[in-house]
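Numbering (mature numbering (1 follows the signal peptide of the UniProt record, and there is no 0)) for the sequence shown: -30 to -1, 1 to 951. The C-beta atom is built at its ideal place from N, Cα and C for all residues, glycine as well. Taking it in order: structure first as structure tokens, then the write-up.
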Amino acid sequence: MFFPLPISTSFSFLCLLLLHRLLLHSYIFSSPLSLPQPVFPTVNLLDSKASQGELRWLSYPLHGWEEISGVDEHYTPIRTFQVCNVMEFSQNNWLRTNWISRRSAVKIYVELKFTLRDCNSIPLVLGTCKETFNLWYLETEEREQESRFREHQFSKIDTIAADESFTQMDLGDRILKLNTEVREVGPMSKKGFYLAFQDVGACVALVSVRVYFKMCPLIVRNLASFPETVPTDSQSLVEVRGSCVNHSKEEESPRMYCSTEGEWLVPIGKCLCNPGYEERASACQMCRPGFYKSAVGNAECSKCPPHSVSHHEGALSCACEKNYFRADEDPASMACTRPPSAPRNVISVINETSVILDWSWPEDTGGRRDLFFTVLCKRCVGGVLRCEPCRSNVRFLPWAAGLRNTTVTVTDLLAHTNYTFEVEAQNGVSGMAVAMRQYAVVSITTNQAAPSPVTVIRKESTSRNSISLSWLEPERPNGIILDYEVKYYEKQEQETSYTILRAKGCNVTLSGLKADTAYLLQIRARTAAGYGASSRSFEFETSPDSAFSMSSENSQVVLIAVSSAVAIILLIVLLYVVISRFCCHSKSKHPDEKRHFGNGHLRLPGIRTYVDPHTYEDPSQAVHEFAKELDASCIAIDKVVGAGEFGEVCSGRLKLPSKKEMCVAIKTLKAGYTDKQRREFLAEASIMGQFDHPNIIRLEGVVTRSKPVMIVTEYMENGSLDSFLRKHDAQFTGIQLVGMLRGIASGMKYLSDMGYVHRDLAARNILVNSNLVCKVSDFGLSRVLEDDPEAAYTTRGGKIPIRWTAPEAIAYRKFTSSSDAWSYGILLWEVMSYGERPYWEMSNQDVIKAVDEGYRLPPPMDCPAALYQLMLDCWQKERNNRPKFEHIVSILDKLIRNPGTLKITANTTSRPTNQLLEQSTSEATSWDTVGDWMDGMRTLPCKEAFSGVCYSSCDTMPKTSTEHRDFQVLLSNPCPEFRAF
Ligand code: ACK
């Protein structure tokens, strides 16, 4: 027997050789099967190296395979088998393993490590030497009891040849070439099997035998865990369902396929980390503090948004810092926010019983965009501390809560009543921070307002010559109704002759009417504020004169009855007249006072007229009639605010018994005055004292009985309008400016209604309070003009503020409300140019000349076209063509109601703003706006037509140049004759 290893050299020599090869000649493993392979987990069914003791495999015949002990490279004892009967013929040596359980494997692998001697290197071999051996297997359900070997039952797996065989020289060099061969066996179906190695005459040493099967390892893919899986079918893939890792959720059922090679293939579906968790190292791990994740998904945890924190791991959202909030609908990614600060610059424009509130956005919106405003109305009695919510019928336009714009109109307030409005800016988190909410407060006093018209009139009874009527009080009386005026006339008479009755209550009997006649009747109520608008005309008819339609018999009876009645009545009337004459000229009047007017001339009762104090023989009498004498001890002077013609103007406080202390302005008469000066000084108080209007400076009283002589008026925090505007150049919105102008026009309407001509209306003579309410001041007669530094002597000797004065007043001192309207136009220009000096530095003489030649001031920068048109109207040469103040107020009201019209400006780009407009050259100018174009028209009728269109329907004012052209065509027809101003 010839051993592949010289056995006689002892086991240790073999081990040495083996070790030598294993450790130093690793290149041997560079056979195709030994290429680096993906490491798939395998499960050993048999490993000969793992056996410590004898393997006791079955060897047949006895002198074939031999079991030999050795050590491996780690000096671990191993068992090997050798055969080397190369010198003998007909070798058939079998070595059979013990029974190997298949377990769940279908396909198994057999890895053989062996050395094989090169036949050529063996001397004297007689041609029987082989360089292969055969590998066989036999499947059985159980371990065989017999130890007899039945070779014919085995199936051949393969013939195993060595990739590398060794020679005698290798042995000399101590090189043993170890071969590794792996063979696949399967599919297997029985419980176990045997392997057998058939030697047919080779010199071979079986160093180790390993039998194993492959499986897909436990793996986490797409956050799903797939268990260790043994491929069951040798042909197809095994579909395996994964289960989501902890803290994750299945998005699409996770699956993979386990191949027979133990490889996972085709991942499908996935799992996503739960809120508060993110994927890290194939697991869902909690978000770190300071981070959050609010939804299921693959996204990483996000950093907490501004003003929010998360102190713990796994946060679904970040909690807001103190005083910061998150609205329900806010996403977790949004910064925490807070309520806005209060709105700024709240101004109020009062119009009788309505008020327009206008404000600016708050400085701090709280970090949100969903800003809105809410206005709360409170009615206050005796200061802001005693306020109650306004009545429910107070109307807000467009509404009170949830306003997106910064303006609201409040109507249907009570006349002459104090109100406080709280304007609050709110956002989506205001409801969560009630304590942090801030609002701006504005207090106003509504104006006197005339009552609304009577709408319901009922006929109580009618007779041949009388009608009894009753009616309901107007819906908005706006004060205590003093009486009702009932005006009636025969329908046929067309109002040329009418009768007026005054009724204290809500009923009246109209007597002395014609039988069978139709009458038209109108009623209007009167309060301290004057008459309200008349009701619509109601028609009533008296009963027919029935006496004429009776039979003659009856008529005789009736005639007698009527005659007797008339006689009785006459007697009674006679008696009444005698008695009433006798009784001190009838002390008590009939409550219904009745007056007749012919030709439609009606002097309106209830509207006072101004009384010129100079008509009083003793002017101090006038002062005491119109001004309250104040005790000097009630007045505290704080500081000097300016200088007047007669002395200083101071601010101070007035505390009248049982009244709240109030701020006042005090005009003093300087020491050493003459009697004339004193009279003139107090004349202003006598005039002012006759007025009671929210846009006229209010006189509180005078001090004449002690020195210094003082005139005490309400205090106007912002001083005179001209300097106020210069100080706040370009800081107001159009509607704020129009609001101021409207106030001034309203005051002027009141003055002109009272028959008072101001003569010195200019921005310097308007005072402004803290709510931007403008009030007309500086009243006097000739004194006014003496006092005014702008006044200059005219050729006729009078002193006149030339730039503000109408041509006819300059030329021949024709001062009227129409000349005040001219001045109003100049004031309007001053306001719109933020206190610019009218006609700049032109001399008075040049101004007079230029105006006379038809030049007019150009529109101030960005001046709305409608306002410039109003200026031009006020500067009509013909004074009767200038608008009345009533008309000016209504024009401005319409502009306030349609603020969009203020956006159309009158500026032309080409024209310098400090150049007068000459009407004759304007046709050559290219006009940008309706106002400019109207100037270009130079036609009075057209301008009037335009005014009519504009003011009654400003919404429809054309806005584009094309529209202007169309408009021009439209208006050119009714105005065929052009006429210069
Ligand atoms: O522009 P002003 O500050 O406002 O300077 C003048 C100055 O006195 C001389 O007229 C101021 N003035 C006059 N009347 C009043 C008033 N009722 N309230 C506040 N200031 C006033 C005016």
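Looking at residue i: is its Cβ nearer than 7 angstroms to the Cβ of residue j?
i, j, result
"CYS620", "ILE605", "no"
"GLY267", "THR307", "no"
"ILE736", "LEU691", "yes"
"ASN397", "ASP453", "no"
"ALA302", "PRO423", "no"
"CYS243", "CYS257", "no"
"CYS744", "TYR685", "no"
"CYS228", "CYS186", "yes"
"LEU887", "ALA820", "no"
"SER91", "GLY162", "no"
"residue 952", "HIS281", "Nothing can be reported for residue 952, as the shown portion of the chain is limited to -30 through 951."
"ASN665", "GLY717", "yes"
"CYS360", "CYS347", "yes"
"ASP608", "GLY622", "yes"
"THR230", "LYS77", "yes"
Out of the options, which one is the CA nearest neighbour of residue i?
i, options, result
"SER813", "VAL682, PRO771 and ARG472", "PRO771"
"VAL393", "TYR685, ALA410 and HIS44", "ALA410"
"GLU134", "LYS83, ARG120, ASP169 and LYS184", "LYS83"
"ASP601", "VAL673, ALA166 and THR381", "VAL673"
"LEU865", "GLU856, PRO834 and ARG849", "PRO834"
"ILE414", "HIS386, THR432 and PRO421", "HIS386"
"LEU707", "ILE607, ASP863, VAL593 and MET718", "ASP863"
"ALA715", "ARG494, LEU108, LYS769 and LEU840", "LEU840"
"CYS271", "LEU176, PHE694 and TYR247", "TYR247"
"SER656", "ASP645, THR425 and ARG668", "ARG668"
"ALA305", "SER287, SER318, ASN315 and LEU842", "SER287"
"residue 963", "LYS847, MET802, VAL76 and LEU639", "Absent from the model: residue 963. The displayed extent of the chain is -30 to 951, so no value can be given."
"ASP699", "GLY805, GLU209 and GLU222", "GLY805"
"ALA597", "PRO627, HIS584 and VAL682", "VAL682"
"ASN55", "SER324, VAL170, VAL200 and ARG191", "VAL170"
"HIS122", "ARG113, THR85 and ASN62", "ASN62"
"TYR79", "VAL53, MET158, TRP27 and PHE391", "MET158"
"LYS640", "SER603, ALA876 and VAL679", "VAL679"
"GLU322", "THR202, HIS217 and PRO447", "PRO447"
"GLY401", "THR344, GLU81, SER178 and LEU193", "THR344"
Going by the C-beta, is residue i closer than 6 angstroms to any heavy atom of ligand 1?
i, result
"VAL325", "no"
"SER436", "no"
"ALA655", "no"
"ALA606", "no"
"GLY612", "yes"
"LEU737", "yes"
"THR683", "yes"
"ALA635", "yes"
"residue 955", "Residue 955 is absent from the model: the chain starts at -30 and stops at 951."
"GLY689", "yes"
"SER740", "no"
"MET658", "no"
"MET686", "yes"
"SER693", "yes"
"TYR821", "What sits at residue 821 in the sequence shown is Val, not Tyr. It does not: the Cβ of VAL821 is nowhere closer than 6 angstroms to a heavy atom of ligand 1."
"VAL619", "yes"
From the DSSP secondary-structure annotation, give me the bridge partner or partners of residue i.
i, result
"LYS719", "Answer by DSSP bridge pairing: none, since LYS719 is not bridged."
"GLY40", "ILE48"
"SER195", "VAL190 and SER213"
"SER438", "SER431 and THR479"
"GLU151", "LEU82"
"CYS360", "According to DSSP, which records beta bridges pairwise, CYS360 is partnered with nothing at all."
"ARG225", "ARG211 and ILE238"
"ASN850", "In the DSSP output, where bridge partners are listed per residue, ASN850 has none listed."
"GLU618", "ALA613"
"GLU834", "Just to set this straight, residue 834 is Pro in the shown sequence, not Glu. In DSSP, PRO834 forms a bridge with THR875."
"ASN293", "DSSP, once it has assigned bridges, lists no residue as partnering ASN293."
"VAL380", "VAL325 and PHE366"
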